[in-house]
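From first to last, the protein sequence lines stand for chains A and B.
For the first sequence, the numbering used here gives the first residue as 10, with consecutive numbering after it.
For the second sequence, the numbering used here gives the first residue as 24, with consecutive numbering after it.
Working notes, structure below.
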Amino acid sequence: MSSRDAILGRVRSALARKVSLGDTAAIDAHIAAHPVGLQPQRDWEPEARFRARAEALTSTVEKLGSLQAVPAAVARYLVAHGLPTGGVCWPSLRRLDWIGAGLGMEDRPARGDDLVGVTGCFCAIAETGTLMLLSGADTPAAASLLPETHIAIVETQRIVPFMEDAWALLREEKGSLPRAVNFVSGPSRTADIEQTVTLGAHGPYRVHIILVG
Amino acid sequence: MELRSNEFKARAAANLGDAKLQKGLGLIKVKAVVNRANAVAEFGDFEALREAGKEIRNRALADLDLYLERFEREATARGAVVHWAENASDACRIIVDIARENGVKKVAKSKSMVSEEVGLNEALIEAGIEPVETDLGEYILQINDAEPPSHIVMPVIHKTVEDVADLFHEKHGTPRKTDPAALTREAREILRPQFLSAEMGISGANFIVAETGSTLIVTNEGNGRLCTTLPRLHVAITGIEKVVPTLEDASVLLRLLPRSATGQAITNYVSLHTGPKRLEESDGPQQFHIVLVDNGRSKLLAGEMREMLRCIRCGACMNHCPVYQAVGGHAYGWVYPGPMGNILTPSYVGLENAVALPNAATMCNQCGVVCPVKIPLPDLMRTLREEQMARGLKPWAERMGLALWGWAAQQPALYALGTRIAARVMKWMGGSEKLIHRLPFVSGWTDGRDFPAPAGKTFRELYQRSKR
Numbered sequence: 010m011s012s013r014d015a016i017l018g019r020v021r022s023a024l025a026r027k028v029s030l031g032d033t034a035a036i037d038a039h040i041a042a043h044p045v046g047l048q049p050q051r052d053w054e055p056e057a058r059f060r061a062r063a064e065a066l067t068s069t070v071e072k073l074g075s076l077q078a079v080p081a082a083v084a085r086y087l088v089a090h091g092l093p094t095g096g097v098c099w100p101s102l103r104r105l106d107w108i109g110a111g112l113g114m115e116d117r118p119a120r121g122d123d124l125v126g127v128t129g130c131f132c133a134i135a136e137t138g139t140l141m142l143l144s145g146a147d148t149p150a151a152a153s154l155l156p157e158t159h160i161a162i163v164e165t166q167r168i169v170p171f172m173e174d175a176w177a178l179l180r181e182e183k184g185s186l187p188r189a190v191n192f193v194s195g196p197s198r199t200a201d202i203e204q205t206v207t208l209g210a211h212g213p214y215r216v217h218i219i220l221v222g
Numbered sequence: 024m025e026l027r028s029n030e031f032k033a034r035a036a037a038n039l040g041d042a043k044l045q046k047g048l049g050l051i052k053v054k055a056v057v058n059r060a061n062a063v064a065e066f067g068d069f070e071a072l073r074e075a076g077k078e079i080r081n082r083a084l085a086d087l088d089l090y091l092e093r094f095e096r097e098a099t100a101r102g103a104v105v106h107w108a109e110n111a112s113d114a115c116r117i118i119v120d121i122a123r124e125n126g127v128k129k130v131a132k133s134k135s136m137v138s139e140e141v142g143l144n145e146a147l148i149e150a151g152i153e154p155v156e157t158d159l160g161e162y163i164l165q166i167n168d169a170e171p172p173s174h175i176v177m178p179v180i181h182k183t184v185e186d187v188a189d190l191f192h193e194k195h196g197t198p199r200k201t202d203p204a205a206l207t208r209e210a211r212e213i214l215r216p217q218f219l220s221a222e223m224g225i226s227g228a229n230f231i232v233a234e235t236g237s238t239l240i241v242t243n244e245g246n247g248r249l250c251t252t253l254p255r256l257h258v259a260i261t262g263i264e265k266v267v268p269t270l271e272d273a274s275v276l277l278r279l280l281p282r283s284a285t286g287q288a289i290t291n292y293v294s295l296h297t298g299p300k301r302l303e304e305s306d307g308p309q310q311f312h313i314v315l316v317d318n319g320r321s322k323l324l325a326g327e328m329r330e331m332l333r334c335i336r337c338g339a340c341m342n343h344c345p346v347y348q349a350v351g352g353h354a355y356g357w358v359y360p361g362p363m364g365n366i367l368t369p370s371y372v373g374l375e376n377a378v379a380l381p382n383a384a385t386m387c388n389q390c391g392v393v394c395p396v397k398i399p400l401p402d403l404m405r406t407l408r409e410e411q412m413a414r415g416l417k418p419w420a421e422r423m424g425l426a427l428w429g430w431a432a433q434q435p436a437l438y439a440l441g442t443r444i445a446a447r448v449m450k451w452m453g454g455s456e457k458l459i460h461r462l463p464f465v466s467g468w469t470d471g472r473d474f475p476a477p478a479g480k481t482f483r484e485l486y487q488r489s490k491r
């Protein structure tokens, strides 16, 4: 007997199953319905909540009127923080006028020594101040991970109240899950040494969020 | 991991006098406990959330076979390979085989308690494959001669910043530094090339989602993301009990887990992995293997410890345990310390191999109160204690003492007489100080502290008098 059958056999006998093949109707129904469970009370407006929570997680946030204004804002942020003015961006952002803003943003896969990564996001979650990023050809996962500075563009109309709303949006727009769904809530951190919170463990040291809308 | 649970008493006694350990444990009370309390208060109706979490975990366990099969089907349909491991050696063999077949020399690992449970690092090393722990705490332990972790969330809680400073200075040959941020930077710079050169990444899974065939990990450092994004192979190893039905169910548990573990509303990263790299993608592993480990879990499902399978490994029970807070994680002698370990260790390695653990509790029920999925930990410990008595695993004197007490307690007149005599004798022993410095048979207790002398009358005597 295979390990699989032995393990499932023990599980079935523990659950006192009468037949070897269980009736999947009930679990199929639960999965098909995927009911929304308990959420915290919502006494906030999504954009304000997202901004407040993101800032509490030590991300910085600014708001612009249009996507065209993004390259200049990125340049201002990088110069103000004494950061390099080049790096990688998602291929989905290649059409923005980075050169016009004096930036060298390359739409290639991120490397271990890239210092700045600019990404968009699938949507953002107000409850926790979280970005939801989907992996894909035009939205590679490493761009938000390898560089020391992550700049993320969030369209305000894509801020949803809860994670469950993000799943609903994903099912509606994409049908199935991409290889990787990454929820990002501020710069990477560790508190392993004497429970002292230190920013920039293995991922970015800083996350700057540019709201557009 | 080497099992040393039957050395609990000796190691606990030694740890009480370990000043560095006590400093680290002291921080739990002022940081982890306070952070959790703040996060719980901020949420609102956390009790309702705990109940919801319990129901979700119970739902998954009630149809565990069906949810596992559904998970396997969905994961396979998306190109992942699902493996089933009956025990620790199975799990190691499966992963070593995957590594060998693919010419893997180096593995970047993110934190996985199941990998500790099955002794994966030792197996990889034996096969000539180099595992590199990349979680900062686990990395510190690995370069310190593969020291075991002392906490499931904060593995180096027993080490001071000075310890880490000395260790990095010695092992890295760099100037000694005592700033946690500088030490973290040093580890980052040493580990970054390891992520980039490892052929295989190994992660655990906090949950696996039946609906989508995804594995889910929560991390703060980002090392979990690196391990699952950069190497050409990704292996996720986890227990069969970790399945949850839907993404919505996972969302509810994600409100409970970080709040209970570290007091965060959400961890910095929550990552779901569904299948390997798609053809058009520029990053991601070409192969994605998922190893589902039983190693005693199906046995728990059948027995009185079934509720323990709800556990989502947050560590709140140990953070709030007065015994853990005093003796630290190493005393427990296996992977899972604290109240969860008091149940899991005897359940997985045998009650006779962890005799002290179900008794390493004051039964204060702090663990039961904070458990995010409402596991009645003290009740389960009591059940294990009863089983120890029934199987004769307790010392002879303790069994005889309890039998004698049990007999006396069933003779009301004798019991009343006995307690009246004891109350008077103990009052006399206390003298004018009203403190007893030494008691026969319980010198282990009175060696370290005085016993307050009773007032000389039993409760029943006082009650009779007040009724008159």
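Ideal Cβ placement from N, Cα and C applies to all residues, glycine included.
*asked:* Between G195 (chain A) and chain B, is any beta-carbon pair separated by less than 8 Å?
replied: yes
*Candidates B:L295, B:T201 and B:A221, of which the one nearest I202 (chain A) by Cα*: B:T201
*Terminal residues of the continuous alpha helix (DSSP H) containing S294 (chain B)?*
Run containing S294 (chain B): none in the alpha helix (DSSP H); it sits in the beta strand (DSSP E), Y292 to H296.
*Report the residues of the stretch 110-136 of chain A with a CB closer than 9 Å to any CB of chain B, ordered along the chain.*
R117, P118, A119, R120, G121, D122, I134 and E136
*Going by alpha carbons, who is nearest to P401 (chain B) out of B:A383, B:L277 and B:G415?*
B:A383
*Is it true that the CB of A161 (chain A) sits closer than 8 Å to the CB of V216 (chain A)?*
yes
*Please report the Cβ distance between L186 (chain A) and T297 (chain B), rounded to the nearest whole angstrom; I am assuming they are in contact, meaning their Cβ atoms lie under 8 Å.*
4 Å
*Give the interface partners of P149 (chain A) over in chain B, defined as CB-CB distance under 8 Å, in chain order.*
E304, S305 and D306
_Distance check for V378 (chain B) and N29 (chain B), CA to CA, integer angstroms please._
6 Å
*Show which residues of chain B have a CB atom less than 7 Å away from the CB atom of H159 (chain A).*
By Cβ distance, chain B contributes nothing, its closest Cβ being about 10 Å from H159 (chain A), past 7 Å.
*Is it the case that the Cβ atoms of T481 (chain B) and R443 (chain B) are separated by a distance below 8 Å?*
yes
*asked:* Suppose you measure from the CA of P395 (chain B) to the CA of V57 (chain B); what does that come to, to the nearest Å?
replied: 16 Å
*Taking 8 Å as the CB-CB cut-off, is A521 (chain B) touching chain A?*
The requested residue 521 (chain B) does not occur in the structure, where chain B is confined to residues 24 to 491.
*Whose Cβ in chain B lies nearer than 7 Å to the Cβ of P49 (chain A)?*
F66 and G67
_Is there a C-beta anywhere in chain B that falls below 8 Å from the one on E64 (chain A)?_
no
*Are the Cβ atoms of H211 (chain A) and L249 (chain B) separated by less than 8 Å?*
yes
*Please state if the CB of L374 (chain B) and the CB of D414 (chain B) are separated by a distance shorter than 8 Å.*
Before going on, a small fix: residue 414 (chain B) reads as Arg here, not Asp. Cβ atoms of R414 (chain B) and L374 (chain B): closer than 8 Å.
*Taking Cβ-Cβ distances below 8 Å as the criterion, which residues of the stretch 234-246 of chain B are in contact with chain A?*
E234, T235, S237, N243, E244, G245 and N246
*For the stretch 251-277 of chain B, which residues have a beta carbon sitting closer than 8 Å to at least one beta carbon of chain A?*
T251, T252, L253, I263, P268, T269, L270, E271, D272, S274, V275 and L277
_Run of the beta strand (DSSP E) containing I219 (chain A), from where it starts to where it stops_ = R215 to V221
*Find the residues of chain A that neighbour V119 (chain B), judging by a C-beta separation of less than 8 Å, and give them in chain order.*
Those do not exist, as V119 (chain B) stays about 15 Å from chain A at its closest Cβ, beyond 8 Å.
*So which residues of chain B does P44 (chain A) contact, with C-beta pairs closer than 7 Å?*
E271
*For A146 (chain A), which of helix, strand or coil comes out of DSSP?*
coil
*Might you give, ordered along the chain, the residues of its own chain that have their beta carbon closer than 7 Å to the beta carbon of T385 (chain B), omitting 5 neighbours on each side?*
P345 and V346
*When the distance is taken between beta carbons, is P55 (chain A) closer than 8 Å to A177 (chain A)?*
no
*For E327 (chain B), collect the residues of the same chain with a Cβ closer than 7 Å to its Cβ; drop the 5 residues on either side in sequence, then sort them by chain order.*
T406
*Is L374 (chain B) helix, strand or coil by DSSP?*
helix
*Host alpha helix (DSSP H) of G467 (chain B) (start-end)*: S466 to T469
_Cα-Cα separation between Y90 (chain B) and G102 (chain B), rounded to whole angstroms_ = 18 Å
_Tell me the rounded alpha-carbon separation between N229 (chain B) and T148 (chain A)._
25 Å
*What alpha helix (DSSP H) runs, 4 residues minimum, are completely inside the stretch 29-58 of chain A?*
34-42
*At a CB-CB cut-off below 8 Å, which residues of chain A make contact with A325 (chain B)?*
R19, S22 and A23
*Under 6 Å Cβ to Cβ from H353 (chain B), same chain only, skipping five residues before and after it: list those, please.*
S173
*T157 (chain B) CB to nearest chain A CB: under 8 Å?*
yes
*Please determine, among A:V83, A:A110, A:D52 and A:G91, the residue with the shortest C-alpha to C-alpha distance to T128 (chain A).*
A:V83
*In three-state DSSP terms, what is A384 (chain B)?*
coil
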